[in-house]
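Following: one structure in structure tokens, then a few remarks.
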Amino acid sequence: MSSNCSHFLSALPPLHLLCFSFLLGATLYQSFIMTKISYRALPKSAFRSLQKQAWPFYFRSQSLLVVITAVTIPRDDLVPFEASPMSWVPHAVAFTSAMLNTFIFEPATRKAMVQVTHQAATLETRDGLSCNMTQYDENKVMEGASVSPSSGMVVVKRRFSFSHAMCIHLNLLTLGAVLAYGWTLAARIQ
Numbered sequence: 034m035s036s037n038c039s040h041f042l043s044a045l046p047p048l049h050l051l052c053f054s055f056l057l058g059a060t061l062y063q064s065f066i067m068t069k070i071s072y073r074a075l076p077k078s079a080f081r082s083l084q085k086q087a088w089p090f091y092f093r094s095q096s097l098l099v100v101i102t103a104v105t106i107p108r109d110d111l112v113p114f115e116a117s118p119m120s121w122v123p124h125a126v127a128f129t130s131a132m133l134n135t136f137i138f139e140p141a142t143r144k145a146m147v148q149v150t151h152q153a154a155t156l157e158t159r160d161g162l163s164c165n166m167t168q169y170d171e172n173k174v175m176e177g178a179s180v181s182p183s184s185g186m187v188v189v190k191r192r193f194s195f196s197h198a199m200c201i202h203l204n205l206l207t208l209g210a211v212l213a214y215g216w217t218l219a220a221r222i223q
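The opening residue of the sequence shown carries number 34 in our numbering; numbering runs sequentially from there.
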């Protein structure tokens with residue numbers, strides 16, 4: 034039995050490093066590369082459709098990778114969680130912010146985005162106005178009439194802006210925690 038245990042323990046450092054690397058790489062890629070490229074390359078409706086599918090999967094994967102990274106910390110090579118806050122604080126911060134995005138703010142953002150799109154479609158159908166979800170100009174003059182957003186549109190756009198900003202900031206907080214842990218991990222490599 035001790036042979037199986039020693040094989041398992043010897044597999045922890047490479048597994049830990051692999052999971053950590055995948056977590057860091059996926060976070061950087063999705064946050065700064067894929068989103069920027071797809072925003073520039075796709076029409077807005079296609080971009081929104083892609084984001085509705087990509088971000089929920091990304092946040093679930095990020096949460097899972099944070100957990101796997103924390104669980105696979107080799108206890109004999111690194112200072113145990115109990116002894117060093119620099120071992121567990123970044124994981125706790127990353128886990129909390131990733132879970133908040135997974136279960137609260139990303140679904141709220143997606144729901145508000147659908148509501149904004151629905152409000153804009155209602156204005157187009159009802160009033161013949163062309164509305165853009167991200168650039169609704171309150172001073173826009175169309176066919177000689179001043180267009181102002183409905184109170185419902187203002188509320189929904191405010192809700193979207195808040196939840197979207199929270200997603201962005203929590204994702205950056207997760208990235209910062211992962212980088213902080215990476216710094217301590219790299220400092221221990223001999």
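Glycine included, C-beta positions come from ideal geometry on N, C-alpha and C.
Predicted, not measured: the structure shown is a model, and the values here were computed from it.
For P89, the enclosing alpha helix (DSSP H) stretches over residues K77 to V104.
Annotated three-state conformation of P123 is helix, per DSSP. Per the coordinates, the alpha-carbon of R108 lies some 38 Å from the alpha-carbon of H197.
Proximity to V126 across L56, H40 and L206 peaks at L206, based on C-alpha coordinates. If you ignore the 5 residues before and after S94, its C-beta comes within less than 7 Å of the C-beta of A59, all in its own chain and listed in chain order.
With respect to T135, S96 sits close: the two C-beta atoms are nearer than 9 Å. Across the structure, S194 and F41 are spaced so that their CA atoms are roughly 46 Å apart.
In this structure, the straight-line span from the alpha carbon of L203 to that of Q84 is close to 17 Å. Of the residues V147, S184, A220 and L218, the one whose Cα lies closest to the Cα of S78 is V147. If you draw a 10 Å sphere on the C-beta of Y214, you find 16 or more other C-beta atoms in it, and that means buried. Rounded to whole angstroms, C200 and S36 show a C-alpha spacing of 45 Å. Spatial neighbours of L57 in its own chain (CB-CB distance under 7 Å, excluding positions within 5 residues in sequence) are listed in chain order as V211 and G215. With a cutoff of 9 Å on beta-carbon distance, F55 and L98 are scored as near each other. A buried status is given to A153, since no fewer than 16 other beta-carbon atoms sit within 10 Å of its beta-carbon. T102 and S183 have their C-alpha atoms roughly 47 Å apart. For the 9 Å CB-CB criterion, R73 and A145 do not form a contact.
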